[in-house]
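Numbering (the working numbering), first residue to last: 4 to 102.
Each residue gets a CB set at the ideal place from its N, CA and C atoms; glycine is no exception.
Structure, as structure tokens:
Rendered as structure tokens:
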């Protein structure tokens with residue numbers, strides 16, 4: 004019983020953190036690359052609406068960026084549009100968005 008509990012706790016702690024509305028990206032790695040706390044990234048990402056088919060329209064990309072970028076910049080003013088694109092593409096499991 005104790006062994007099972009220890010294994011369960013270890014698995015929970017080893018599970019990478021991901022955003023609730025985009026469970027494919029590692030929020031810990033994205034936050035580290037943006038030089039912000041992980042919880043800040045998670046909070047900023049809450050209102051973003053990722054596209055279900057992994058191919059967001061230009062309109063949706065702009066809408067999400069208008070939400071995400073200012074929130075992230077409040078935590079780290081050095082985050083630029085280009086930096087955000089680079090970091091998000093690096094951690095997108097399906098690879099960079101084709102524009």
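- For residue 91, the enclosing alpha helix (DSSP H) stretches over residues 84-93.
- Close CB contacts of residue 63 within its chain, under the 8 Å cut and outside five residues either way in sequence, are with 52 and 54 (chain order).
- Around the beta-carbon of residue 89, fewer than 16 other beta-carbon atoms lie within 10 Å, marking it exposed.
- The bridge partners DSSP lists for residue 63 come to none.
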